[in-house]
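Residue numbers (our numbering), protein chains in the order written: chain A, 1 to 344; chain B, 1 to 332. All C-beta atoms in this analysis are idealised placements derived from N, C-alpha and C, irrespective of residue type, glycine included. A short worksheet on the structure shown next.
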C-alpha cells in the first residue's frame, strides 16, 4: 500500500515538473536518424549542442552503418539517414520520395605500416598501393616502393596486407581511390565498395582491429581513418596525389581536396573526391552525407531539419577540427545552403 | 484418509470443505498445464517464425544461386556473386578443432572434480568455472588477440610448421605463411570458451551417478580408475554428450571472439594456420553495410545455412545418443 502511494506521488511530482515545460515550448519534436558510424562522434556532438540551444528538438541518432541508414530511410522508419557512401541510382529508384544528399564533414584514409628497421615516413606511389592490395607487389623492397623512398633500407620480406573485416565507409574510400588509380583493380576487384572480395590479406575489425594487427604483425600494412591515426598518435605514410606530389594527410589537405573539386560537384552532391587535382590535395578523402527526404509532410519536423542544416553548415562546422574532422570548403557550404530550399 | 474420502463423495452440494479444496487444486493443475503449454508452444512458434523469416527473406538469393550457393567458393559483393563454401568450411573446421581440444580437457577436469577431488575443492573450482562460462565473448576475443595470436605467431606456429609440417599428409595442415591469426587460433579461443560448459555440465551429471554403482564395481575388485572409467562415465555418457553438444552449439554460433582472431578471409585453405572466416562472423561483419538486395538476401541465406548445420548436427547427436543407449551400459 505504501509502495503504491509512493509510485502515485512520484508520478505526480514528475508530471508537475515536465508538463509546464512542454506546454511552454509548444511540444517537443523528436527526430530519429540512423546511419554511418564514421561521422558519429561529430554528429552526436552537433545533436547535443543543438539540443542545448533548442531544448524542444531531440535528435536520436543510431550509428548502425551506412547500409543500414539507407535501408531504414527507404523503409521510412527514420526521419533522415546518414551515409559514408553516396546512394546509387539503383537504390534511389527504390525510394518512394526523392532523397537529397547533404555533405557534412570530410574524412580521409591513411596507410599505416610496421616494418622492422624502418622508422621514417614512407612515400607510397599510387601504383604501389594498388599493387600491394592486389597482391602483385609482395615484397617491401619491390622497385615500385623503393624508387619513391630513396635512402630507406627496405627489407626483402613479404608484405602482410591488412584490410577491414566488416563492411565500412573507410574501405569504400580506400577502394574508391584504388579503383580510380588502377585499371587492374577496377577490372579485377571492381568499383568502390564498402565490402570487398579482397585479393589478398587479413581482415581486422574496425580501425582498432586493423591498427592492432598492423602493430602486432611484422611487415604489415593497413589503412585507417585519419582521425583515428591522429587521436591515437599512429604514424602513417605519405601518398602520391594526381599532381605527382607525395602528401601527408592533414585536415587542411583534406579540405583542399574538396575545394579543388568544388566546381565539379554535381547538384545532388553525390561525388567522389578521391585523387582530385591540385598539388596540395591529399588524394584519399571523401565527404560523408546526411540523407534528407525532399518532401517532409510534418511541417514542424521539416522546419526543424532545415534549421538544423543551416546551423550545421555555419556554426556547426566550428566543432569539426576539435574532433579531427576536416571542414567543408566555403564553396560547398554556399551551394548546400541553397539546396536546403529544395526540402519541402 | 479413506474415511474422509467417503464423506467427500457423499457431501452435496460441494460448496466448502475438503471437496472444494480438491476442486481448487484440480483447477490449479489445469491453469499450470495451460501456462506451461503456452510457453512451450511459444518456443516452437519462435523457432518456426525464425525459419520462416530466414526462408522468405533469402528468396532472392535462393532462386538466383540455387544449390550452387553451398559449393561456390567466391564471396564477391562488388560483382553480386555469392557462395557459402568458405564460410561453411570455416565454421565446421573451427568448431571441430574447438571440440577436439575442449572435450578431452573438459572431460578429464570433470572426472577429477567429481570423482577424485575433495568435495570442498571441487565446489570452489566449479564455482569459478561457472564464472568463466558467463564471461562475454569479446573478452575472450581480446584474450585471443593479445595472448593467443602473438604466441601462435612467434612460438607455436613456427614449431608446428617445423615439426608436424614436415610429415606426409598431416603436414599439409600446418603449412606457412603463419600470421598468428587463422583457423587454429580461432579453434583454440573457441575451445577456451566452451570448456567451462563441458566441465560444468559433465561434473553435475557425474555427481548424479548413484553411489551403489561405484560400490558395486569396487566390490567386484575394480580399482578406483576402473570403476570411474568403466562404470561411472558410461552411466553418465548421455549427459556428457549433452554437454559436448551444448559446447558445439556455442562454437558454431560464436561471432565476436572468432572474428577477432580468424583473419576474416573468404578462402578455403587446407592449412590450419591460414586465415579463414565463419558464417556467424561474416553475417556480423557485413550485415550493416549490405546495401544491395541480393547481397542482403545472400547474408540471410547464410543464416539459414547456419541453422541447417546446427539442425543436422543436433539430429546426429540425438541419433548417437539413442544408438549408444541401445547398447546398454558396459559390464564393469
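- Judged by pairs of C-beta atoms under 8 angstroms, the segment 158-168 of chain A does not touch the segment 272-282 of chain A, as fewer than three such pairs exist.
- Pairing residue 169 of chain A with residue 54 of chain B, the inter-Cα distance amounts to about 27 angstroms.
- Residue 61 of chain A carries a strand assignment under DSSP once its states are collapsed to helix, strand and coil.
- For the pair residue 259 of chain A and residue 329 of chain A, the CB atoms are nearer than the 8 angstroms cut-off.
- By the rule that beta-carbons nearer than 8 angstroms mark a contact, residue 216 of chain A touches chain B.
- For residue 221 of chain A, the uninterrupted beta strand (DSSP E) run begins and ends at 220-225, by DSSP.
- Its chain contains 109, 223, 284 as the residues whose beta carbon lies nearer than 7 angstroms to that of residue 174 of chain A, once the 5 sequence neighbours on both sides are disregarded; these appear in chain order.
- In terms of beta-carbon proximity, residue 75 of chain A stays away from the interface with chain B, with every pair separated by 8 angstroms or more.
- Using a Cβ-Cβ cut-off of 8 angstroms, residue 132 of chain A does not count as an interface residue toward chain B, since no Cβ of chain B sits closer than that to its own.
- Around the CB of residue 198 of chain B, 16 or more other CB atoms lie within 10 Å, so the residue is classed as buried.
- Under the Cβ distance rule, residue 145 of chain B counts among the residues neighbouring chain A, one pair being separated by less than 8 angstroms.
- Per the Cβ contact rule, the segment 125-138 of chain A is in contact with the segment 173-191 of chain A (3 or more Cβ pairs under 8 angstroms).
- Neighbours of residue 291 of chain B in chain A, taken as residues at a C-beta separation under 8 angstroms, are given in chain order as 66, 67, 70, 71, 85, 88, 91, 194.
- Under the three-pair Cβ rule at 8 angstroms, the segment 293-300 of chain A does not count as touching the segment 195-208 of chain A.
- Bounds of the beta strand (DSSP E) holding residue 238 of chain A are 238-240.
- When the alpha-carbon of residue 217 of chain B is set against those of B/232, B/315, B/206, B/144, the nearest one is in B/232.
- Shown here for residue 287 of chain B: same chain residues with a beta carbon closer than 7 angstroms to its own, the five before and five after excluded, namely 299 in chain order.
- The segment 235-247 of chain B and the segment 199-219 of chain B touch, with three or more beta-carbon pairs separated by less than 8 angstroms.
- DSSP, read as helix, strand or coil, puts residue 140 of chain A in coil.
- Judged by pairs of C-beta atoms under 8 angstroms, the segment 250-259 of chain B touches the segment 175-190 of chain B, as three or more such pairs exist.
- The Cβ atoms of residue 273 of chain B and residue 178 of chain B sit closer than 8 angstroms to each other.
- Residue 205 of chain A sits away from residue 171 of chain A, with the two beta carbons spaced by 8 angstroms or more.
- Counting along the chain, the unbroken alpha helix (DSSP H) around residue 71 of chain A starts and ends at 66-75.
- For residue 82 of chain B, the number of other beta carbons within 10 angstroms of its own is at least 16, and it is reported as buried.
- Only exposed fits residue 322 of chain B, as fewer than 16 other CB atoms lie within 10 angstroms of its CB.
- Note that the C-beta distance between residue 94 of chain B and residue 183 of chain B is below 8 angstroms.
- For residue 239 of chain B, the enclosing alpha helix (DSSP H) begins and ends at 237-253.
- For residue 255 of chain A, the enclosing alpha helix (DSSP H) starts and ends at 251-260.
- Counting only runs of 3 or more residues that sit fully inside the segment 114-186 of chain B, no beta strand (DSSP E) segment turns up.
- The three-state reading of DSSP puts residue 325 of chain A in coil, since its state is none of H, G, I, E or B.
- For residue 74 of chain B, the chain A residues whose C-beta falls within less than 8 angstroms of its own C-beta are 197, listed in chain order.
- Below the 9 angstroms Cβ cutoff, chain B contributes 177, 179 as neighbours of residue 160 of chain A, in chain order.
- Of all residues in the segment 254-268 of chain B, the ones placed with a Cβ closer than 9 angstroms to any Cβ belonging to chain A are 256, 259, 260, 262, 263, 264, 265, 266, in chain order.
- Taking a C-beta distance under 8 angstroms as the contact criterion, residue 101 of chain A and residue 268 of chain A qualify as a contact pair.
- Within the segment 173-211 of chain A, the complete beta strand (DSSP E) segments of 3 residues or longer fall at 202-204, listed in chain order.
- Against residue 79 of chain B, the close residues of chain A are 190, 197, in the order they occur along the chain (beta-carbon pairs closer than 8 angstroms).
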